[in-house]
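So the protein lines, in turn, are chains A and B.
Residues in the first sequence are numbered from 2 upward in steps of one, following this note's numbering.
Residues in the second sequence are numbered from 391 upward in steps of one, following this note's numbering.
Note that CB positions come from ideal geometry on N, CA and C, so glycine has one too.
Have a look at the structure below before the remarks.
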Amino acid sequence: MTFSWKRVNAILQKDFKDFSRNSAVSIIIFLPIILAAIYGRMGIDSLQVHFMTINMAFAMVGTYVQCCLIAEEKEKNTLRGLMLSPASTLEILGGKSLLTFVLTIVVVFFSAYLSEYRPASMGIVAFAIILSTLFYIGMGTLLGLVAKSVMESSVIVLPVIGVFTMGSFITAWTEKYPILKVAEFLPNIQLFELAEAVEQGAGFVQVFSELGIIGIWIVVIFALTVVVYRKRMVD
Amino acid sequence: MENAIEVKGLAKYFANFKAIEGVDFEVKKGEIFGFLGPSGSGKTTTIKILTGQLDPTEGEAFVFGENVSHLKNPKARKRFGVLTDNSGLYGRLTIYENLKLYCELYDLPLSKIDEAIGFVNLKEESKKKVATLSKGMTQRVVLARAILHEPELLFLDEPTSALDPVNTLHIYEGLRALNKKGTTIFLTTHDMQEADTLCNRVAFLNKGKIRLLDQPNKLKKQYADATITVELTNDEKRQLRRDAAGAEEMYQLMKDNRVVTVHSNEPTLGDIFVKVTGGELV
Ligand SMILES: Nc1ncnc2c1ncn2[C@@H]1O[C@H](COP(=O)(O)OP(=O)(O)OP(=O)(O)O)[C@@H](O)[C@H]1O
Ligand SMILES: [Mg+2]
Chain A
2 MTFSWKRVNA ILQKDFKDFS RNSAVSIIIF LPIILAAIYG RMGIDSLQVH
52 FMTINMAFAM VGTYVQCCLI AEEKEKNTLR GLMLSPASTL EILGGKSLLT
102 FVLTIVVVFF SAYLSEYRPA SMGIVAFAII LSTLFYIGMG TLLGLVAKSV
152 MESSVIVLPV IGVFTMGSFI TAWTEKYPIL KVAEFLPNIQ LFELAEAVEQ
202 GAGFVQVFSE LGIIGIWIVV IFALTVVVYR KRMVD
Chain B
391 MENAIEVKGL AKYFANFKAI EGVDFEVKKG EIFGFLGPSG SGKTTTIKIL
441 TGQLDPTEGE AFVFGENVSH LKNPKARKRF GVLTDNSGLY GRLTIYENLK
491 LYCELYDLPL SKIDEAIGFV NLKEESKKKV ATLSKGMTQR VVLARAILHE
541 PELLFLDEPT SALDPVNTLH IYEGLRALNK KGTTIFLTTH DMQEADTLCN
591 RVAFLNKGKI RLLDQPNKLK KQYADATITV ELTNDEKRQL RRDAAGAEEM
641 YQLMKDNRVV TVHSNEPTLG DIFVKVTGGE LV
């Protein structure tokens with residue numbers, strides 16, 4: 002498999018120009034930041050609230066924006082053009098993810114900054130956030146590839162965003178409905194548990210299982226994405 | 391000479407519908423090959439199979455001697471260029487920006503962009519956003535993108551369907567020049583005139599099958615009826631057979647000084663098509 006940064010960078014630059022001229026989608030990245038600023042002003046300092054804004058950044062930027070960008074490439078038949086060019090699967094999917102990756106990290110950073118979240122271990126939390134970003138972008142790409150149009154993509158992305166941001170509410174019900182215990186394996190719950198552990202002084206070794214579970218999610222979602230992408234290469 | 395394209399017993403079914411069936415042909419390197427047929431006859435389907443966008447149901451297709459399944463290898467895709475009705479452009483980017491992306495994907499110097507823009511006669515519009523372009527302009531940008539890397543093989547699916555006559559001629563000239571430099575061209579069209587002026591050989595496709603395949607001139611000779619039309623001084627038009635009786639009559643007419651014009655009745659490709667398929671062109 003070939004891999005050239007030049008081609009990845011060409012797709013990134015194209016996406017940046019396109020995104021900055023697409024105000025309907027680009028405006029979305031400000032929502033989590035505004036929410037975080039409001040919470041910060043209100044002086045609410047609970048891990049729950051910090052992660053509500055971080056999850057929103059993941060869902061809105063990592064998944065929703067990514068899903069729209071991919072679905073538009075499909076709808077406008079520009080993805081076909083990329084597929085017929087010498088760019089490989091990895092270069093196309095990598096190039097198509099790089100912009101949202103950077104945006105998600107920046108938005109999470111600003112949200113955390115504004116809501117005054119100061120983790121006990123910056124290193125661990127930052128690493129976990131980067132891993133989570135990969136998962137949410139993978140999910141956005143997958144949904145964008147599955148959707149038949151931009152319209153459809155914004156509809157199917159909603160319930161998915163719901164599950165992954167409301168996860169912390171689901172866990173509150175687990176006493177009553179034990180079946181919901183599986184929800185504890187959701188990457189957002191794992192991230193939250195990791196953050197809690199970090200506040201209690203946990204190091205990398207103590208949060209290994211949380212990182213591992215998030216890692217498994219990434220592998221699964223990336224594998225699915227590549228399979229669906231390859232299918233889309235032939236009509 | 392090696393073939394650029396070789397197709398053997400190709401068939402594509404969509405559910406039970408046979409879009410193409412038992413299609414055999416080859417395109418020689420350096421040829422301009424015309425793939426003609428009415429709407430829905432399977433032209434685009436064939437191009438999609440040849441460019442790896444669609445898997446055939448039956449049969450085999452080879453491009454440069456390799457099975458089309460090899461086109462999943464990105465390097466192999468450098469050798470051809472494609473223009474089809476599903477070739478998309480980025481509407482929020484300018485013509486120049488769209489072509490720049492492809493220049494970088496193909497690892498070409500940026501000077502190729504201006505060359506390609508000149509090829510399709512869009513120098514003055516190069517800073518316009520693609521979403522604001524007319525249909526014919528958009529089609530020309532897609533063509534510019536297809537020829538940007540001067541591919542060895544060019545697939546053109548109705549490349550001039552939205553163009554005015556001046557631009558059409560400009561594109562013909564460009565395509566001929568490209569062909570002279572060595573690009574093999576596989577072209578589909580409804581336009582029989584276009585096929586006649588551009589193509590070395592043409593195949594007539596109807597209802598998913600090839601009905602005829604030859605050089606335009608040979609087809610025209612083959613389907614010429616044995617008559618000539620003579621226009622007389624009294625505006626009368628007379629059909630004469632090209633035999634002894636016809637010669638006798640012609641002799642008499644010329645002797646009486648009544649002949650104004652003489653035409654051989656060779657059919658156009660369109661006439662032949664109608665004859666072979668028993669249908670009208672759409
Ligand atoms: N994805 C598909 N699913 C079902 N049927 C299809 C599909 N693609 C093409 N067909 C059918 O196959 C036939 C051939 O289509 P194709 O697009 O190849 O025609 P064409 O010769 O390119 O026509 P046109 O000149 O209008 O572009 C048509 O009847 C079309 O409806
Ligand atoms: Mg077609």
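Can you confirm whether residue i, when its beta carbon is compared against all beta carbons of chain B, has any partner nearer than 8 Å?
{"i": "A:L146", "result": "no"}
{"i": "A:D46", "result": "no"}
{"i": "A:K18", "result": "yes"}
{"i": "A:A224", "result": "no"}
{"i": "A:R119", "result": "no"}
{"i": "A:A11", "result": "yes"}
{"i": "A:K77", "result": "yes"}
{"i": "A:K15", "result": "yes"}
Could you tell me which of the options sits nearest to residue i, measuring between CA atoms?
{"i": "B:G598", "options": "B:V397, B:A394 and B:A401", "result": "B:A401"}
{"i": "A:G96", "options": "A:R233, A:A11 and A:F193", "result": "A:A11"}
{"i": "B:T651", "options": "B:A635, B:Q629, B:K665 and B:G449", "result": "B:Q629"}
{"i": "B:L544", "options": "B:K525, B:T573, B:V532 and B:Q529", "result": "B:T573"}
{"i": "A:I125", "options": "A:G202, A:V9 and A:V66", "result": "A:G202"}
{"i": "A:R195", "options": "A:V109, A:M140, A:A121 and A:G141", "result": "Arg is not the amino acid found at residue 195 of chain A; the sequence shown has Leu there. The shortest C-alpha separation from A:L195 is found at A:A121."}
{"i": "A:K77", "options": "A:V164, A:S155 and A:S150", "result": "A:S150"}
{"i": "A:T79", "options": "A:D19, A:N189, A:T226 and A:T166", "result": "A:D19"}
{"i": "B:R648", "options": "B:A637, B:F594, B:E621 and B:L659", "result": "B:E621"}
Does any CB atom of chain A fall closer than 8 Å to the CB of residue i?
{"i": "B:S477", "result": "yes"}
{"i": "B:E515", "result": "no"}
{"i": "B:R482", "result": "yes"}
{"i": "B:P541", "result": "no"}
{"i": "B:P549", "result": "no"}
{"i": "B:R467", "result": "yes"}
{"i": "B:L523", "result": "no"}
{"i": "B:E487", "result": "yes"}
Does at least one heavy atom of ligand 1 sit under 7 Å from the Cβ of residue i?
{"i": "B:T434", "result": "yes"}
{"i": "B:F452", "result": "no"}
{"i": "B:F407", "result": "yes"}
{"i": "B:F423", "result": "no"}
{"i": "B:G449", "result": "no"}
{"i": "B:D581", "result": "no"}
{"i": "A:F210", "result": "This sequence places Ser at residue 210 of chain A; Phe is not what is there. Not under cutoff, so the answer is no."}
{"i": "B:G427", "result": "yes"}
{"i": "B:F404", "result": "yes"}
Find the residues of chain A that neighbour residue i, judging by a C-beta separation of less than 9 Å, and give them in chain order.
{"i": "B:D497", "result": "S5, K7, R8 and P87"}
{"i": "B:L444", "result": "V235 and D236"}
{"i": "B:T574", "result": "Chain A residues near B:T574: none, gap ~17 Å exceeds 9 Å."}
{"i": "B:L473", "result": "In chain order: nothing, as chain A lies at least about 10 Å away."}
{"i": "B:P464", "result": "M2, T3, S86, P87, A88, S89, T90 and E92"}
{"i": "B:Y492", "result": "A11, G82 and S86"}
Any heavy atom of ligand 2 within a distance shorter than 7 Å of the CB on residue i?
{"i": "B:D586", "result": "no"}
{"i": "B:D475", "result": "yes"}
{"i": "B:D547", "result": "yes"}
Note down, in chain order, every chain B residue with its Cβ under 7 Å from the Cβ of residue i.
{"i": "A:G82", "result": "S477 and G478"}
{"i": "A:K1", "result": "Residue 1 of chain A is absent from the model: chain A starts at 2 and stops at 236."}
In the DSSP assignment, what are the bridge partners of residue i?
{"i": "B:D604", "result": "B:V592"}
{"i": "B:K599", "result": "B:N596"}
{"i": "B:H653", "result": "B:T619"}
{"i": "A:K20", "result": "Strictly speaking, residue 20 of chain A in this sequence is Phe, with Lys absent from that position. The partner list for A:F20 (beta bridge, DSSP) is empty, contrary to what the question assumes."}
{"i": "B:R566", "result": "DSSP, once it has assigned bridges, lists no residue as partnering B:R566."}
{"i": "B:D547", "result": "B:T578"}
Given that residue i touches chain A, what residues does it touch there, using C-beta distances under 8 Å?
{"i": "B:E392", "result": "Going along chain A, no residue has its Cβ under 8 Å from B:E392, so there is no contact; the nearest lies around 22 Å."}
{"i": "B:K438", "result": "D236"}
So with CB distances below 9 Å, who are the chain B contacts of residue i?
{"i": "A:T101", "result": "None at all; the shortest Cβ gap to chain B is about 17 Å."}
{"i": "A:N23", "result": "R482"}
Taking C-beta pairs closer than 7 Å, name the residues in chain A that residue i reaches, listed in chain order.
{"i": "B:T441", "result": "L85"}
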